[in-house]
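Residue numbers (our numbering), protein chains in the order written: chain A, 27 to 496; chain B, 27 to 496. Take a look at the structure below.
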């Protein structure tokens, strides 16, 4: 027992995180490891996604997959290995479109499968991992191998492909807001930031807790470029051979980085209830064996009731660890709601609910054990909403519409600048050089008010978001 | 319309399969392609799992994953890339245990994560793909890359590891019987067939439609071999450093091959309702536009009712294809139940249900549209049971207990032989040479009656299953 306590003591001190405001970057790195979301793999720049991180990814997968299937998409799996000849072929595309390796296999298959208009649309999504060279890596944000989904669709007309591209962008935005409690700005990329081979690239952009932007999902209208590179053609109803119009869209484990950086605090993660592997954790509190028996019995009963009501709940029955240690431990892991139950609660028929988004006394309330599942469900809904509102308020507080280029420079030091932009890549480049901010997107929602480019002063019809980015 | 009919005609003729009894192997190869379960990838020996095949695999994944999680397992993801030094280290293991690449990364991580008895057991499962060299390949059965799950667990004692190994074997057997309608024989492998590095390998063995055996899942008790190779140790309650006891277990897309070969017939696939991507397909039948309007309206209403009741249902609304073409097409794809609805059915308030496991008039029945969901659910249960019973009866009819080695040789020409075996690898080798049959497993269920080895005549205490195998 003495040894157990010593171990517990050692662990608590290990759990101290650097402060988020003092060193955001180091806070992030340590949090990922200490919450056991991921670990460094023995190959530089690769990661092991640990069970807790993978459970979070599985919930993200389900939330997206449900939406993909509801809009008619199906999943498939393409092989890891591609012929050497494909890699060599890539370099010589007359269209100037040099697709990543996986896309050459997909192009090859679609050219074979698609013969007539009857075979369209093809609406395939893949859940897999990709390996890409990266010089500087960070867990979830930038690794040599990352996990994602990639959708690849083929259509008979430009209009259908564009509608698909926009539909998937909307799905990403809805998932981010509804499930991840992250407000995002859906918009168009500039030509410079566009995916090679795309006629149009759209993205959702989110503001992290340090005011920087993170591109959290992309959707590309590939026009006929991809179809021409791979000879993906179909016989139309009139018997004429036509090139297909294709799209691709993806969201990756990078999104986990966004969840961490948008919601987390100095105590650790804060997970949105809809995606949290555990939505609630029961912590039994007792001193004597007699107290333990009564508390554990009640804790198990309540756990059963919560689980039966569909709450993802766990109970921390670890021996030899103090309640305080357990509180810290689950706060680090971001479980949205803690259910404390001690001997007094057993006697009174109550429990204490402690909200992760509002640590300390303020977020605590004593509620009846009767109808606990209902109270928990309501509080989880409340936390989900509160996290979204807080993230939105933070983004609004850190988004400025600068009146001058000097104000613009100041704005992108701490957040987003939304400014008229002439659309020229020269201004885009100069802004990047002078401020380190990149053109994140031209929001789909525009006031329509004309103005003058923040950099060159020429007339401009659209506003764009500029920010430093991950 | 004329062109559409011509296309349909061409497709029907394409759909003719070789007969299962005449050329089982070619029947299998063509069926996989024509049911659009998988396709050959441009790299020799690799496969693309097409959406219909992947939907089947997703249902297999869910059926297994539910069982894994109910027994305390969690999923994670390990990287594709491993350091070159690991590959070199593999060759020099003093224990003589040369693990596959993925296991070196897992060993490395477990050695880091596991410190004390508090960290045990570790119950991790991975859903991923593996690349292995194969000379002769066949879709699903043997490909360079295949999809699977691999469980890797670490325990404090031998007893716990053995209990885990057996538990996972039981889970595989239960999944095969309950969800895939495939009766399997759970048993121990011989030393020769054991996984390198395992103290004990268990497998489930199933009989295919040609009488050959297929190993459909394996579970290994690795003893302390794996832990010693990677220095996976823990401090026990007394503060002493101990090696862990580990297990591993896997089931792959090979299992799809088993489903095809156990249940399929000359018309194509027959999928067990619990795993079928579509459990029922509605085929509307009409001639005039007036009939079409009435039939389609009713078909859509019924589709909605079935879907609301949890039936995985689709409706074949393709234009320009005859009902006969559609019947063949869905039979090829193995949808367990077809719901036919024509103008007379609309008038009478009935539909015709046609069972895939009993093609032709015999399997057809007219039922009321009222309460259709209940009737469909009952019939799907009936099909699930019938498929299992049929597979079991087939296996029993083709399993012999030969009285002599001559009878043994005849038995393994067409099915399984169950015979006393001395346990010697010499007899095992000779049997393989002389009959092409391998020792599949020593069934866990034994009568306990002693006897004499079928090959050498020496006393033997256990019976083993011998068969030619995939």
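Glycine is no exception: its CB is placed at the ideal position from the N, C-alpha and C atoms. Just so it is clear, the structure is predicted and the values come from calculations on it, not from any experiment.
Query	Result
Determine the chain B residues that contact residue 105 of chain A at a beta-carbon separation under 7 Å, and present them in chain order.	67, 69, 72, 73, 74, 171
As an exercise, report each continuous beta strand (DSSP E) stretch of at least 3 residues that is fully enclosed by the region 247-295 of chain B, in chain order.	259-261, 267-269, 271-278
Helix, strand or coil: how does DSSP classify residue 176 of chain A here?	strand
Could you list which residues in chain B have their beta carbon closer than 8 Å to that of residue 112 of chain A, in chain order?	68
What does the alpha-carbon distance come out to for the pair residue 120 of chain B and residue 254 of chain B?	Residue confidence for residue 120 of chain B is low, a pLDDT of 45 falling below 50, so the modelled location carries little weight; the figure read from the coordinates is stated next. Answer to the nearest angstrom: the Cα atoms are 9 Å apart.
Among the residues of its own chain, which have a CB less than 6 Å from the CB of residue 173 of chain B, if the five just before and after it don't count?	155, 279
What separation, rounded to the nearest whole angstrom, lies between the Cα atoms of residue 359 of chain A and residue 61 of chain A?	5 Å
Rounded to the nearest angstrom, what separates residue 382 of chain B and residue 403 of chain A at their Cα positions?	44 Å
So what's residue 229 of chain A in DSSP terms, helix, strand or just coil?	strand
Assess contact between the region 331-351 of chain B and the region 402-421 of chain B, defined as three or more Cβ pairs (one per stretch) separated by less than 8 Å. Is contact present?	yes
Between residue 275 of chain B and chain A, is the shortest Cβ-Cβ distance under 8 Å, so that the two count as touching?	no
Using DSSP with H/G/I as helix, E/B as strand and the rest coil, what is residue 55 of chain B?	helix
On the DSSP letters alone, give me the boundaries of the beta strand (DSSP E) that residue 469 of chain B sits inside.	464-469
Which parts of the region 343-405 of chain B are runs of the beta strand (DSSP E), unbroken and 3 residues or longer, counting only runs that do not cross its ends?	363-367, 376-381, 390-394
Below 7 Å on C-beta distance, what does residue 100 of chain A contact in chain B?	77, 81
How many Å lie between residue 494 of chain A and residue 384 of chain A at the Cα?	29 Å
Below 8 Å on the Cβ atoms is my guess for residue 417 of chain B versus residue 209 of chain B; work out the distance and round it to an integer in Å.	6 Å
Taking DSSP as the reference, what is the three-state secondary structure of residue 216 of chain B?	coil
Give the straight-line distance between the Cα atoms of residue 195 of chain A and residue 212 of chain B, rounded to the nearest whole angstrom.	49 Å
Is there a Cβ of chain A sitting closer than 8 Å to that of residue 181 of chain B, yes or no?	no
Rounded to a whole number of angstroms, what is the C-alpha to C-alpha distance between residue 369 of chain B and residue 309 of chain B?	12 Å
Are the C-beta atoms of residue 468 of chain A and some chain B residue less than 8 Å apart?	no
Looking at the strands, I want to know which residues DSSP matches up with residue 497 of chain A.	An answer regarding residue 497 of chain A cannot be provided, because it is not within the stretch 27 to 496 covered by chain A.
Of all the CB atoms in chain A, is at least one closer than 8 Å to the CB of residue 492 of chain B?	no
First and last residue of the alpha helix (DSSP H) that includes residue 66 of chain B?	Residue 66 of chain B -> not in any alpha helix (DSSP H); beta strand (DSSP E) instead, spanning 64-66.
Find the nearest neighbour of residue 246 of chain B within the set B/272, B/491, B/238, B/237, judged by alpha-carbon distance.	B/272
Tell me which residues share the same chain as residue 468 of chain A and place their Cβ nearer than 6 Å to its Cβ, disregarding the 5 neighbours each side in the sequence.	213, 214, 488, 490
Hey, residue 176 of chain B and residue 276 of chain B: beta-carbon distance below 8 Å or not?	yes
Counting only beta-carbon atoms, is residue 96 of chain B nearer than 8 Å to chain A?	no
What does residue 178 of chain A touch in chain B if you count any residue whose Cβ is under 7 Å from its own?	What residue 178 of chain A touches in chain B: nothing, since even the nearest Cβ is about 12 Å away.
Ordered along the chain, which non-local residues of its own chain (more than five positions away) have a Cβ less than 6 Å from that of residue 281 of chain A?	242
Three Cβ pairs or more, each shorter than 8 Å: is that satisfied between the region 127-139 of chain B and the region 102-111 of chain B?	yes
So which of B/424, B/386, B/289, B/139 has the shortest CA-CA distance to residue 410 of chain B?	B/289
Return the first residue and the last residue of the alpha helix (DSSP H) that residue 83 of chain A is part of.	77-96
Does residue 451 of chain B come out as helix, strand or coil in the three-state DSSP assignment?	helix
Quick one: what's got a C-beta closer than 6 Å to residue 220 of chain B's C-beta in the same chain, skipping five residues either side?	227
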